[in-house]
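J.: Please find one structure pasted underneath; my questions will follow.
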Ligand code: S3P
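Residue numbers (my numbering): 82 to 256.
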């Protein structure tokens with residue numbers, strides 16, 4: 082396991098990584114960081130724009146490069162929320178564990194669909210059959226999220242508040 086002072090949150094789009102992450106960070110006195118925000122800040126453009134102009138594989142290279150830097154810089158007392166596809170690359174899965182305690186916010190496809198159906202800004206869900214796309218992607222990704230994580234929180238039926246408390250509990254026992 083990585084540095085006990087850091088948490089990495091992983092999970093599919095709509096799993097609550099940013100919302101839960103921000104609140105949990107505040108509660109635990111950790112800094113909050115988000116890989117998508119880092120990338121948008123560096124590129125000075127949005128993720129949909131990066132996908133549209135340069136494609137997914139370009140974005141994945143930025144994501145892997147950033148994670149390597151964060152691991153090398155030795156993050157301290159930070160909760161790192163990550164993009165939903167970060168677990169696709171094996172090197173990222175290894176890097177995440179070296180950074181901190183990795184928590185997977187797991188949810189069923191139907192729950193995720195309800196959470197993302199009215200959102201825009203996720204190029205991979207820009208499709209007519211969002212429900213089918215989520216189910217198909219989850220089939221591939223579920224084992225990768227599981228392999229990448231130290232802990233899993235099943236968030237179906239949990240409020241944001243309850244999920245934050247579950248993150249807090251895990252963090253305290255990792256100290
Ligand atoms: C992606 C998830 C997004 C973002 C990009 C790709 C994915 O992050 O990194 O659109 O492949 O699941 P969120 O999980 O924060 O929406």
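By construction, the Cβ of each residue, glycine as well, lies at the ideal position given by its N, Cα and C atoms. Here the structure is a predicted model, which means the values were calculated and not measured.
1) Report yes if the C-beta of residue 128 is less than 7 Å from at least one heavy atom of the ligand S3P; otherwise report no.
2) I want to check one thing, is the minimum distance from the CB of residue 204 to the heavy atoms of the ligand S3P below 7 Å?
3) Cα separation between residue 135 and residue 165?
4) Between the alpha carbons of residue 183 and residue 131, how many angstroms are there, rounded?
5) Is residue 151 closer than 8 Å to residue 180 when the C-beta atoms are compared?
6) May I ask whether a heavy atom of the ligand S3P can be found less than 7 Å away from the beta carbon of residue 230?
7) Under the criterion of a Cβ to heavy atom distance below 7 Å, does residue 117 qualify as lining the ligand S3P?
8) Within its chain, find whatever has a CB closer than 6 Å to the CB of residue 230; leave out the 5 residues flanking it on each side and keep chain order.
9) Should residue 250 go down as buried or exposed, given a rule of 16 or more other Cβ atoms within 10 Å for buried?
10) Pick helix, strand or coil for residue 138, following the three-state DSSP scheme.
11) Taking only the alpha-carbon atoms, compute the straight-line gap between residue 153 and residue 172 and give it to the nearest angstrom.
12) What are the boundary residues of the beta strand (DSSP E) that residue 112 is part of?
13) So, with DSSP's three-state summary, where would you put residue 235?
14) Assuming contact is defined by CB atoms lying nearer than 8 Å, are residue 196 and residue 102 in contact in what I supplied?
T.: So, to answer that:
1) In the chain shown, counting from the first residue as 1, residue 128 sits at position 47. Residue 128: yes, Cβ under 7 Å from the ligand S3P.
2) One-based indexing of the chain shown puts residue 204 at position 123. With a cutoff of 7 Å, residue 204 counts as near the ligand S3P, since its C-beta is closer than that to a heavy atom of the ligand.
3) Sequence index remark: in the chain shown, residue 135 carries index 54 (1-based). Sequence index remark: in the chain shown, residue 165 carries index 84 (1-based). Between the C-alpha atoms of residue 135 and residue 165 there is a straight-line separation of about 19 Å.
4) In the chain shown, counting from the first residue as 1, residue 183 sits at position 102. In the chain shown, counting from the first residue as 1, residue 131 sits at position 50. Their backbone Cα atoms lie some 27 Å apart in a straight line.
5) For the purposes of this step, residue 180 is taken as residue 99 along the chain shown, with counting starting at 1. For the purposes of this step, residue 151 is taken as residue 70 along the chain shown, with counting starting at 1. With contacts defined by Cβ atoms closer than 8 Å, residue 180 and residue 151 form a contacting pair.
6) Residue numbering aside, residue 230 sits at position 149 when the chain shown is read from its first letter. Every heavy atom of the ligand S3P is 7 Å or more from the Cβ of residue 230, so no.
7) Sequence index remark: in the chain shown, residue 117 carries index 36 (1-based). Yes, since a heavy atom of the ligand S3P falls inside the 7 Å radius drawn around the Cβ of residue 117.
8) Here residue 230 corresponds to residue number 149 of the chain shown, with the count starting at 1. So the qualifying residues of the chain are 183, 185.
9) One-based indexing of the chain shown puts residue 250 at position 169. The residue is exposed, with fewer than 16 neighbouring Cβ atoms inside 10 Å.
10) Walking along the chain shown from the start, residue 138 turns up at place 57. DSSP places residue 138 in helix when its eight states are reduced to three.
11) In the chain shown, counting from the first residue as 1, residue 153 sits at position 72. In the chain shown, counting from the first residue as 1, residue 172 sits at position 91. C-alpha separation (whole angstroms): 14 Å.
12) Position 31 of the chain shown holds residue 112. Residue 112 -> beta strand (DSSP E) spans 112-115.
13) For the purposes of this step, residue 235 is taken as the residue at position 154 of the chain shown. Three-state result, residue 235: strand.
14) Residue 196 sits at position 115 when you count from the first residue of the chain shown. Residue 102 sits at position 21 when you count from the first residue of the chain shown. Result no, Cβ atoms of residue 196 and residue 102 do not sit closer than 8 Å.
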